[in-house]
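According to full-length UniProt numbering, the sequence shown is numbered sequentially starting from 1. Heads up, the thing below is written out as structure tokens.
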Amino acid sequence: MSLIISNIALHFIAKKEETGEILLKLGPENVAANSKIENFVDALHKIYNSKGSKAYGHFSSMPAEGDRARFVDIMASYLSDSQSFHDFSSQAANLLKNELEKYDLAETGYLTICHYEYMGGRYLLAAIIPISEHYSVDGELNISADQHLDTNKLQLAARIDLFDYQNNAEGNRYISFIKGRAGRKVSDFFLDFLSCEEGLNAKEQTQTLVQAVEDFVAVNQFDANEKQQTRKELLSYCKEQKEAAQDVSLQELGHVIKSEESGEDFYKFCQQQAYPIEESFPHDQAVVNKVTKYSGYGNGISLSFERSHFGEDVVYNPSNDSITIYKVPPNLKDQLLALLEQNSSQSQAAASKLVTDGDDKDSEF
1 MSLIISNIAL HFIAKKEETG EILLKLGPEN VAANSKIENF VDALHKIYNS KGSKAYGHFS
61 SMPAEGDRAR FVDIMASYLS DSQSFHDFSS QAANLLKNEL EKYDLAETGY LTICHYEYMG
121 GRYLLAAIIP ISEHYSVDGE LNISADQHLD TNKLQLAARI DLFDYQNNAE GNRYISFIKG
181 RAGRKVSDFF LDFLSCEEGL NAKEQTQTLV QAVEDFVAVN QFDANEKQQT RKELLSYCKE
241 QKEAAQDVSL QELGHVIKSE ESGEDFYKFC QQQAYPIEES FPHDQAVVNK VTKYSGYGNG
301 ISLSFERSHF GEDVVYNPSN DSITIYKVPP NLKDQLLALL EQNSSQSQAA ASKLVTDGDD
361 KDSEF
């Protein structure tokens, strides 16, 4: 396993429904990083990486209220060995408790703070892991309930890239956090707990990247097949970077996307056009996924097709808001033919019943 744990702490936090009081139970000191803990953190790391709805930011420069220390202050104290990890995590838990008291939220779970290394990177992960109940039955058919950490429902989590923070404290993306949970206040209190401000907009950066690629293939007069192949190369590269939890690099893309005729690569093109885009950045995969396919769902209809089919095998008529599909996929064609046959049989049966009912009525007279 390429994951190395330096320190980890778990603290329980809950809100009493009756009184609204926030309960905080601090965990033990010096949690040993055994195989179970390592597997747990490894799974947590992978779940966090797989979350597509992440945003990026940095620590706020605003001073703390009163004499309270900010998260960044107590973190710096720990990283400089001025205090122990348990003291740091306990202070962080109390900061979280103070923030929860300001909001009408019923967050319950385990605050997990972990300092670890992975593939040469150094990270500090802070997350509230929710609790779910599960049930078991013994040999006498007695049902019992227990609780478990539901990491698959992870929504409140942030990770600090310690290398980036220590080497570029003025940067705007060394903190990543999960975004997209319903109810803005839910994520607000967690960002306030970290004193984090949003910085780099990964979605906007990715949209600029996609537009730059479209401009590149247009300026270099790629034909339809070359355009689609270039889009697929962009999609493949971005997927690989996402799986490896690595940033998209314009220089690397320059080796992937280039014009064979002019010899111009994509990186030089971006420099010449001066796009408002970083040299490297964490991208939004959902935006890139749309470069090769169009898809949509609504009113019980789901449709998806490759971009290269638009205007040829798939034709949209905006005047009557209709889509005509040529070259229907074989598996869909089989289903449609079966449906037509079924409808025809039902129509024939209904017509036969009408004739029979009419004959019966005539015989009554």
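No residue lacks a Cβ here, since even glycine has one placed at the ideal position from N, Cα and C.
DSSP on residue i, reduced to helix/strand/coil?
i           : result
D150        : coil
G183        : Caution applies to G183, whose pLDDT of 47 falls short of 50 and renders its modelled position unreliable; the value that the coordinates give is listed next. In this structure, G183 counts as coil in the three-state DSSP scheme.
residue 371 : What is shown of the chain runs 1 to 365, which leaves residue 371 out entirely.
D265        : strand
Y103        : coil
G300        : coil
S344        : helix
F59         : strand
A245        : coil
A64         : coil
I37         : helix
L96         : helix
L141        : coil
F190        : helix
Mark residue i as exposed unless 16 or more other C-beta atoms lie within 10 angstroms of its C-beta, in which case mark it buried.
i           : result
Q241        : buried
P318        : exposed
V227        : In the sequence on display, residue 227 carries Lys and not Val. With 16 or more other Cβ atoms within 10 Å, it is buried.
S295        : exposed
Q335        : exposed
D161        : buried
P282        : buried
G183        : Residue confidence is low: G183 scores 47 on pLDDT, short of 50, so the model does not pin down where it sits. No coordinate-derived value is stated.
M62         : exposed
E107        : buried
residue 417 : This structure does not reach residue 417, given that the chain is present from 1 up to 365, and the question cannot be answered.
F216        : buried
Q91         : buried
Q166        : exposed
V210        : buried
L156        : buried
Determine which residues share a DSSP beta bridge with residue i and list them.
i    : result
C114 : I8 and L125
V315 : T324
Y237 : None, per the DSSP bridge assignment.
F88  : In DSSP, F88 forms no bridge with anything.
E170 : According to DSSP, which records beta bridges pairwise, E170 is partnered with nothing at all.
H134 : D146
C196 : F59
A14  : L23
Have a look at the options and flag the residue whose alpha-carbon is nearest the alpha-carbon of residue i.
i    : options                   : result
F12  : Y297, S322, S2 and P28    : P28
I5   : V41, K46 and M75          : V41
Y116 : T208, K25, D247 and I37   : I37
Y174 : L154, Y123, A145 and E261 : Y123
A244 : H45, F190 and A212        : H45
E261 : N142, G139 and F222       : F222
F193 : Y297, E101 and L10        : E101
I257 : C238, P329, Q346 and Q246 : C238
L250 : F269, G263 and I74        : F269
S236 : F59, N289, F310 and Q147  : N289
S259 : Q229, V248 and K333       : Q229
F85  : Y135, V31, V137 and L95   : V31
Compute the beta-carbon to beta-carbon distance between residue i and residue j, rounded to the nearest angstrom, for a pair I have assumed lies under 8 Å.
i    : j    : result
I128 : T151 : No, I128 and T151 are not in contact; Cβ-Cβ is about 11 Å, not under 8 Å.
S60  : S195 : 5 Å
Comparing the C-beta of residue i with each C-beta of chain C, is any distance below 7 Å?
i   : result
K51 : Absence of chain C from the displayed structure is noted, only one protein chain being present.
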